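Chemist: Here it is, the structure in full.
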Amino acid sequence: MRRVSIFGSTGSIGENTVDLIARDLAGYEVVALTGGRNIARLAAQARSLKAQIAVTAYPECYEELRAALEGSGIAVAAGPAALIEAADRPADWIMSAIVGAAGLPPGLRALRHGTVLALANKESLVCAGPLLMETARRYGARILPVDSEHSAVFQALVGEETRDVERVIITASGGAFRDWPLERLAEATLEQASSHPNWDMGQRITIDSASMFNKALELIETKEYFGFSPDQIETIVHPESLIHALVGFADGALMAHLGPADMRHAIGYALHWPERRDLPVERLDLAQISSLNFRAPCPKRYPALALARQVMDAGGMTGAVFNGAKERALDHFIAGRCGFTHMAELVAQTLEQTGANPLLREEITLDNVRAVDQMARKAVDEALSHSAAAQPLPAVWI
Ligand code: NAD
Ligand code: MG
């Protein structure tokens, strides 16, 4: 019996993880499940997987969760401290699938127990890559990538020497607006940005795919996780989303990883690693697919990519600025307080404004990352309050 916990179990990655575990319940002892405000779903998951404890991130949701699990024998807790306590519960495998920087504290805590951490929460690596990797090393823990591109690179590297790698190419679908005229992007609505051409994901990552902030985070994630230098890491638009990444070696060979756009592949690979097991995913029919397309990403359409380069070159805690500013700009876009293209402007402005701050060169600790993250969010709020875009928006935004 493997002991497993899922942080962010009610989200898109969480549900896919629950799906895989529920198919083989006899093989697992489910320790902790955590979610947010979708209490009915969290309680249903906890009952069906017979979890030891269910935790909501929000103290105000405690009573609802307690009532929903009354008589089940499942323990209930709420709030950020309860998430940390859940990460202290012994488990052999932990899925980190909270969205945003909020996933960092429990993920970091879990690593201190020497567990296997399946990492979907890319924001942790962007904000605190060196801290996360060093904590894993120190406590004999193992981080396995769950992002499809990083899982693909990880798989392409099996049996290879990192020193033989010349370059890594992660693919991007191009998102919802890949074929829009550039001049229309500024008017893109929340609804339009929330629909992805190939993947079914949470709302935030879907919007980040349209703006390519998701790929920007992933470039940084590639650097932090694998340790490649920024000039070895590329991205290419591949509208079919069937090749997830390619690794180029010193002899010119390019190893591509193909698979359906179904996150259960990458989750299942991390769940069964180092073995491969049968997974309930579609098998690709190449004759039917017939062609695969690629194009260079247009820098005007996707300014987030150049910002990621800037972050990778700057190092230190610049990633925490980038992620914090991006998360806050996204909050504002979702709330209808800023336009689609304005998000990248706010992030660029925040990077520029905070770049010389000595805090970014301090030691990368959880407290310092928190301080940098807060500084970046505040800078975005201030920039927005001074900007014309903060004026009430037309009805289409609401
Ligand atoms: P989602 O929005 O569908 O789910 C997020 C989960 O986190 C939910 O359980 C939610 O309740 C919880 N949560 C939200 N805010 C929280 C907070 N402040 N504190 C604690 N819990 C909180 O997100 P998702 O699409 O499943 O993505 C999860 C993570 O996986 C993200 O880091 C994302 O970038 C990454 N990822 C997702 C996909 C995908 O296909 N969805 C693919 C690759 C990587
Ligand atoms: Mg990805």
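79 is the number of the first residue of the sequence shown in the working numbering; add one for each residue after it. The beta carbon of each residue, even a glycine, is placed where N, CA and C say it ideally should be. All values reported here derive from a predicted model rather than from experimental measurement.
#1: With respect to 8 Å, is the separation between the Cβ of GLU227 and the closest non-hydrogen atom of the ligand MG below this value?
#2: Under a Cβ-count criterion, where at least 16 other Cβ atoms within 10 Å of its own Cβ denotes burial, should THR193 be classed as buried or exposed?
#3: Which two residues bound the contiguous beta strand (DSSP E) that contains ALA334?
#4: Does DSSP put ILE412 in a helix, a strand or coil?
#5: Report all residues from its chain with a CB closer than 6 Å to the CB of PHE291; omit the five preceding and five following residues, and keep chain order.
#6: Leaving aside the five residues before and after ALA271 along the sequence, list all residues of the same chain whose C-beta is less than 7 Å from its C-beta, in chain order.
#7: Quick one: does the C-beta of LYS200 sit closer than 8 Å to a heavy atom of the ligand NAD?
#8: What I want to know is whether the C-beta of ASN292 ends up closer than 8 Å to one or more non-hydrogen atoms of the ligand MG.
#9: Is there contact here, the segment 324-343 with the segment 351-365, by at least three beta-carbon pairs under 8 Å?
#10: Going by the C-beta, is GLY409 closer than 8 Å to any heavy atom of the ligand NAD?
#11: Look up GLY81 in the DSSP assignment and say whether it is helix, strand or coil.
#12: Whole-angstrom Cβ separation of ALA169 and SER83, contact assumed at under 8 Å?
#13: How about GLY218 and GLU302: do their beta carbons lie closer than 9 Å?
#14: Between the alpha carbons of ALA160 and ASP166, how many angstroms are there, rounded?
#15: With a CB to CB cut of under 6 Å and the five nearest residues on each side skipped, what residues in its chain are close to SER90?
#16: Does the distance between the C-beta of GLU296 and the nearest non-hydrogen atom of the ligand MG fall short of 8 Å?
#17: Could you give the first and the last residue of the continuous beta strand (DSSP E) run that contains LEU111?
Modeler: Reading from the atomic positions:
#1: yes
#2: buried
#3: 332-336
#4: helix
#5: ALA382 and LYS404
#6: ALA254, ILE285, ALA288 and PHE418
#7: yes
#8: yes
#9: yes
#10: The question names Gly, but residue 409 is Asp in the sequence shown. Answer for ASP409: no, Cβ out of range of the ligand NAD.
#11: Looking at the sequence shown, residue 81 is not Gly but Arg. The answer is strand: DSSP assigns ARG81 an E or B state.
#12: 5 Å
#13: no
#14: 10 Å
#15: MET279 and GLY280
#16: yes
#17: 106-113
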